Amino acid sequence: MLSAGAIDLHAHTTASDGTYSPSELVELAARSGLSALGITDHDTIDGLPEAAQAARALGIELVPGVELSVAYPHGRLHLLGYFIEIGAPILNERLVRLKQNRRRRNEQMLHRMQELGLPITWEDVLKAAGGGQVGRPHMAAALVRKGVVSGIAEAFDRFLAEGRPAHIPKDKIQPPEAIHLIHTAGGIAVVAHPDSLALDEAALVEALTQLKSMGLDGMECYYSRYTQDQTSALLDIARKLDLLVTGGSDFHGDTKPDVVLGHVIGDLPAPYDLLPPLKEAVQRRRRMEPRLAQA
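Position in the sequence shown counted from 1, then plus 540, gives you our numbering.
Shown next, in the form of structure tokens:
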């Protein structure tokens, strides 16, 4: 059981590539002693209504979010949107298009695997997804079930990772559009796990400065993989650039078994006092632009 005021602002459900349904994830958060949970599925908010209902029933504060895959010339850029309005039309319309593109990408990757002679069908992948959103982890799981590979990691290493024979590049949003989508949904835009940009400190500061000029609000300084030195360096950057600070585990469930819900700073959660500045920023934005979330 975690300490009082414990929060985790970065977790995934079966609506994207997690293995817990939205309600199951909220139930796990309650059992773990979390006071607040951020659900940030990849390029979808489909799981938020179910999560909100479960959170109300269990007395958990839900931070409605999304994690957008964003085009960037170096490393991987993901933007977290927090406190988004679930019914925001502009964001929803764009996410529908991304879902359609994702379905085409999945079909193309499946076709490539079949061309490679792998004994895998769309039905196999759907079964592995268990009714959730289909993605590469489910293709990998199907290959494991068929005995083609010994584990998920091998499936990615041999077939599904970037540069491997079955990989198809993902459709990604450009940074200005991603930030705008989050803002028009009434939310705040935060860089997820900044280390994934694979930049040294000077280049990271330059990149974050550029993103801030586009409207970036914050960065994820507390993260389950970070060392204390990494966290300290990111907190220094956030202070210098006047960026909000967030923290989360990036919990996925069985596909990332080493990541534990609520274990954000080592085996400790993120502190609740991260939330008030985020809420204040959201309220400031909505007061300044009251029609944004309905745009």
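No residue lacks a Cβ here, since even glycine has one placed at the ideal position from N, Cα and C.
Computed from a prediction, not measured in an experiment: that's the story for all the values here.
| Asked | Found |
| --- | --- |
| Neighbourhood of Arg652 by C-beta, 6 Å cutoff - its chain only, sequence neighbours within 5 removed | Ala706 |
| Residues bridged to Asp548 [DSSP beta-bridge criterion] | Leu577 |
| Nonlocal neighbours in the same chain, by C-beta distance under 7 Å from Leu815, ignoring five residues either side | Ile547, Ala576 |
| Where the alpha helix (DSSP H) through Thr771 begins and ends | 768-781 |
| Assigned exposure category for Arg827 - 16 Cβ within 10 Å defines buried | exposed |
| Simplified DSSP state of Pro811, which is helix, strand or coil | strand |
| Contact under 8 Å by Cβ, Leu619 with Leu608 | yes |
| Contact check, Asp583 vs Leu635, beta carbons under 8 Å | yes |
| Separation of Tyr612 from Val745, as counted between CA atoms | 15 Å |
| Cutoff 7 Å; reference Ala555; Cβ partners in own chain excluding five residues on either side | Pro562, Asp581, Thr584, Asp586, Gly587, Gly672, Gln673 |
| Counted within 10 angstroms of its Cβ, other Cβ atoms place Leu656 as buried (16 or more) or exposed | exposed |
| Where Ile660 sits in the DSSP three-state scheme | coil |
| Residue(s) in a DSSP beta bridge with His582 | Glu607 |
| As assigned by DSSP and simplified to three states, the class of Val566 | helix |
| Under the three-state DSSP convention, the category Val636 falls into | helix |
| Three-state secondary structure (DSSP) of Thr554 | coil |
| Range of the contiguous beta strand (DSSP E) that encloses Leu784 | 784-788 |
| DSSP three-state assignment for Met754, whether helix, strand or coil | coil |
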